[in-house]
Every structure is written in structure tokens, then in C-alpha cells.
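Engineer:
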Amino acid sequence: MPWRRFVNWIRKIFSRRRVIRLGLYGPPNAGKTTLANKIAIDWTGEPVGRVSEVPHETREVQKKERVVVQVGNKKLIMNLLDMPGIATKIDYEEFMKYGLSKKEAQKRAKEATRGVIEAIKWLENVDTALVVMDSTKDPYTQVNITIIGNLEARDIPVIIVANKIDLKDAKPELIREAFPQHPVVEISGLTGKNIDLLYEAIAKYSR
Amino acid sequence: MPHKCARCGRIYDDRAPELMNGCSCGARVFLYLREKPGRTREKTIEKLKSSEISEKDIEILNEKFANELKNLNKTISLDIENLLRVSEGKYILDIASLMRGDPIVIKEREGVYYIDIPYSMKKKRRLEK
Numbered sequence: 001m002p003w004r005r006f007v008n009w010i011r012k013i014f015s016r017r018r019v020i021r022l023g024l025y026g027p028p029n030a031g032k033t034t035l036a037n038k039i040a041i042d043w044t045g046e047p048v049g050r051v052s053e054v055p056h057e058t059r060e061v062q063k064k065e066r067v068v069v070q071v072g073n074k075k076l077i078m079n080l081l082d083m084p085g086i087a088t089k090i091d092y093e094e095f096m097k098y099g100l101s102k103k104e105a106q107k108r109a110k111e112a113t114r115g116v117i118e119a120i121k122w123l124e125n126v127d128t129a130l131v132v133m134d135s136t137k138d139p140y141t142q143v144n145i146t147i148i149g150n151l152e153a154r155d156i157p158v159i160i161v162a163n164k165i166d167l168k169d170a171k172p173e174l175i176r177e178a179f180p181q182h183p184v185v186e187i188s189g190l191t192g193k194n195i196d197l198l199y200e201a202i203a204k205y206s207r
Numbered sequence: 208m209p210h211k212c213a214r215c216g217r218i219y220d221d222r223a224p225e226l227m228n229g230c231s232c233g234a235r236v237f238l239y240l241r242e243k244p245g246r247t248r249e250k251t252i253e254k255l256k257s258s259e260i261s262e263k264d265i266e267i268l269n270e271k272f273a274n275e276l277k278n279l280n281k282t283i284s285l286d287i288e289n290l291l292r293v294s295e296g297k298y299i300l301d302i303a304s305l306m307r308g309d310p311i312v313i314k315e316r317e318g319v320y321y322i323d324i325p326y327s328m329k330k331k332r333r334l335e336k
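Residue numbers (the numbering used here), protein chains in the order written: chain A, 1 to 207; chain Y, 208 to 336.
#1: So Val131 of chain A and Ala87 of chain A are in contact, right, with Cβ under 8 Å, and what is the actual spacing, rounded?
#2: Mind checking which residues open and close the alpha helix (DSSP H) that includes Gly149 of chain A?
#3: Within 10 angstroms of its Cβ, does Gly233 of chain Y collect 16 or more other Cβ (buried), or is it exposed?
#4: Can you confirm whether Ala109 of chain A, when its beta carbon is compared against all beta carbons of chain Y, has any partner nearer than 8 Å?
#5: Assuming the contact rule is C-beta atoms closer than 8 Å, Ala40 of chain A and Pro84 of chain A should be a hit. Round their C-beta distance to whole Å, please.
#6: Around the Cβ of Gly216 of chain Y, are there at least 16 other Cβ atoms within 10 angstroms (buried) or fewer (exposed)?
#7: What residues in its chain sit with their C-beta under 6 Å from that of Phe6 of chain A, if we drop five residues either side in the sequence?
#8: Given this structure, state the Cα-to-Cα distance separating Arg207 of chain A from Thr247 of chain Y, to the nearest angstrom.
#9: I'd like the list of long-range same chain contacts for Ala178 of chain A, defined as Cβ closer than 8 Å, with 5 residues on each side in sequence excluded.
#10: Between Pro183 of chain A and Lys204 of chain A, what straight-line distance do the alpha-carbon atoms span, to the nearest angstrom?
#11: Is there a C-beta anywhere in chain A that falls below 8 Å from the one on Ile302 of chain Y?
#12: List, in order along the chain, the chain Y residues whose C-beta lies closer than 8 Å to that of Ala153 of chain A?
#13: In angstroms, rounded to a whole number, what distance separates the CA positions of Gly192 of chain A and Met227 of chain Y?
#14: Would the beta-carbon of Thr146 of chain A fall within 8 Å of that of Met306 of chain Y?
#15: Rounding to the nearest angstrom, what Cα-Cα distance links Leu279 of chain Y and Glu104 of chain A in this structure?
#16: Measuring only the C-alpha atoms, how far is Gly31 of chain A from Asp134 of chain A?
#17: What is the C-beta distance between Lys211 of chain Y and Leu268 of chain Y, in whole angstroms, given that I count them as a contact (C-beta under 8 Å)?
#18: Give the residues of chain A in contact with Lys297 of chain Y, contact being defined as C-beta atoms less than 9 Å apart.
#19: So what's Gln181 of chain A in DSSP terms, helix, strand or just coil?
#20: Rounded to a whole number of angstroms, what is the C-alpha to C-alpha distance between Gly99 of chain A and Lys38 of chain A?
#21: What residues match up with Lys64 of chain A in a beta bridge as DSSP calls it?
#22: Check whether the region 293-313 of chain Y touches the region 145-162 of chain A, counting contact only when three or more Cβ pairs, one atom from each stretch, lie closer than 8 Å.
#23: For Thr113 of chain A, which three-state DSSP category applies?
#24: Going by DSSP in three states, Ala213 of chain Y sits in which element: helix, strand or coil?
#25: Would you call Gly318 of chain Y buried or exposed, if buried means 16 or more other Cβ atoms sit within 10 Å of its Cβ?
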């Protein structure tokens, strides 16, 4: 049917605008989901996932597809991939401090461990990575260094997000100092401060 | 990839315990070259041998990282396993190994290991959907 083929051809041309698969990586409680929610609510009206002060709230990869962001006169289409936090040690006793029962905490630890592995597996499916760090914490950690080294080895563009700059003891300059080879954007996912700079960075650096 | 002690020049392999505990000469600063396609182990060692940093810089770095190294939880490199189940609800992960795509090796307790062999083969297909 030549007509159908023609229609498909036209469709293909118009749907060529590429979708960026944007992965949010980083240690637990860095504010990945808060940031993902901020982006998703601003542009689609719906959040990506639940936020909590208890670490490892995100234990499965959360997706929000085709989020269209307007940056200047450019349109970015992104699939947001909010990853579970990556940690080297998961201990249920830490969760019990937040009032979880022993059983709940142990279950959470198991799911969190599975989440870390899941997040690592998803590295293959990410076009651009936002590595989210808490600006009030020391950036020289094995988790941060390993994630960034691995993304570099895979040739995935990295944008470092120095998050939580709304907090008094935030020191985003330490993050800049630690990773001078990558663009660093200082933002607050909670208040939305500088979020435009982040969109600009995504438009500029993502592939 | 090998590491070189910044003070005495001794070469250590990846995951050598000295990288965490310090070289036998007492220094804790090591030079490292990132893995690159086409860069062999021999070439890396050659390059490492020719690169030096000054004694003063070693002192500064030693001081900066000395406190961090006291807290060994921060630097985790396991043996052959990359996922250690210490007890119910307590896990230690070697994320460097997992990120390299090594098959998951779970150490349940001393002498008992589980190896997820199909993991690395399955990985690609599962993710493509």
C-alpha cells in the first residue's frame, strides 16, 4: 500500500525530534526525586515519585516519559529516569532511627540493595546523566567518584548538580573544586532556584 | 590499572590492600591513570614511573585525606564478591565492580557464594525493552 508507506514516511520525519533519556544519579538523600518532581511538575503537572527524609525512599527506577521543556527557543524532550540512590553500605539500623520497625527496615534494606543494582544496570540506557550531590556534604566520596569515573568511561555526558543550595551550610564550591572536568550547576530542587540554568546545561551538554 | 605510590614509587595493582591502608613506606597518596582503550598495563606502568609529584604536595594530600581514611566505610572494595550480606538487612556493595559489569557475586557467609552468571548476558536484552 504505497499511501500507507507515504504516511509513515511523513510521520517518521516529523517524529524525528530526539528524546533525551536523562538519568538522575547520586547517593541517597541527595535530592534526586525532589529535583525530578520539580522538573516533572513544572512541565507536566505530575510528580515522578515520593520524597522522604528516610534514605532510600526511591528503590525502583521511576520514569516520566516525554517531558517537554522549553529552553529559550529550543524544545527539549526528555524521558526522566529517577534512579535509586547508590550506596556502598546499606544498614537497616539506620532506617530504624526514623521510626521504622525492625522488619520494615530490613525489608527496606533489601529493596534498597536491589535498587542500587537496578540503577547501575540502567546506566546502559541513559543518554545524559545528572549526578546530584548534596552541597552540604563532602563531595569526595567513593560513590561520587565511582559514578563519575564510570560515566566518563562510557562516554555519557555528565552534568553535576550541586543541590540544596537553599541550606545555610551549603558549599557548592567544594563540588566545583572536586570535579573541575564537568559542568556544575548550583541549584535548589526544593525551591527551584537556578533551575533554568540546569535546563540550559542540559540543552548545551546532552547528546 | 596499576597504581604508583607517590613517595617511593612502588607499583600496586587494583584492589591491593595497600591502596586502602597505605604503602609500606607510610605514604597514602597514589598516582593512578584512568583506563583507556589501547593503553596496556605495561604502558601505564611506564607512564606512572615517569610521573612525579612533589613531597610538599604529598604532605598536603596526606593531611586532606587522612581523616577520611580513618572511616573505612567510605572506601569499600571487596574480595571476589561484590555484594556482601553481612546479616539480615545489612549489605555492603562494591559499586566499582558492579559498574564494570562484573557478574553479581553474593557472599552469604564465609565460604558460601552465589554467582548470578546469566546477569551480564541478560542485562542488555532486559534493558532494551
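Positions of the beta carbon are idealized from the N, C-alpha and C atoms, including for glycine. Computed from a prediction, not measured in an experiment: that's the story for all the values here.
Structural biologist: In this structure, then:
#1: Cβ-Cβ separation between Val131 of chain A and Ala87 of chain A: approximately 14 Å, too far for a contact (criterion under 8 Å).
#2: Counting along the chain, the alpha helix (DSSP H) containing Gly149 of chain A begins and ends at 142-153.
#3: Burial is judged here by how many other beta carbons sit within 10 angstroms of a residue's own beta carbon; Gly233 of chain Y has fewer than 16 and is exposed.
#4: Yes, Ala109 of chain A counts as interfacial toward chain Y.
#5: Rounded to whole angstroms, the Cβ separation of Ala40 of chain A and Pro84 of chain A is 17 Å, and the two are not in contact under 8 Å.
#6: Within a 10 Å sphere around the beta-carbon of Gly216 of chain Y sit fewer than 16 other beta-carbons, which makes this residue exposed.
#7: Within its own chain, no residue has a Cβ closer than 6 Å to the Cβ of Phe6 of chain A once the five positions on either side in sequence are excluded.
#8: Rounded to whole angstroms, Arg207 of chain A to Thr247 of chain Y spans 29 Å at the Cα level.
#9: Sequence-distant partners of Ala178 of chain A (beyond 5 residues in either direction) whose C-beta falls short of 8 Å from its own C-beta, in its chain, are Pro139, Tyr140, Asn144.
#10: Approximately 10 Å, taken between the alpha carbons.
#11: Taking Cβ atoms only, chain A reaches closer than 8 Å to Ile302 of chain Y, which makes this a yes.
#12: What Ala153 of chain A touches in chain Y: Arg241, Glu242.
#13: A direct Cα-to-Cα measurement between Gly192 of chain A and Met227 of chain Y gives close to 40 Å.
#14: Yes. Within cutoff.
#15: Confidence at Leu279 of chain Y is low in this model, with a pLDDT of 46, below 50, so the placement of that residue should be treated as unreliable; the coordinate-derived value is given next. Using only the alpha carbons, I get a separation of about 27 Å.
#16: Rounded to the nearest angstrom, the two C-alpha atoms are 7 Å apart.
#17: Not a contact, Cβ separation roughly 14 Å.
#18: Residues of chain A passing the Cβ test: Lys89, Ile90, Asp91, Tyr92, Glu93, Gln106, Ala109.
#19: Secondary structure of Gln181 of chain A (DSSP, three-state): coil.
#20: Approximately 27 Å, taken between the alpha carbons.
#21: The partner list for Lys64 of chain A (beta bridge, DSSP) reads A:Leu80.
#22: At 8 Å Cβ cutoff, the stretches touch.
#23: Looking at Thr113 of chain A - three-state DSSP - the assignment turns out to be helix.
#24: Reduced to three states, the DSSP call for Ala213 of chain Y is coil.
#25: Flag for Gly318 of chain Y reads exposed.
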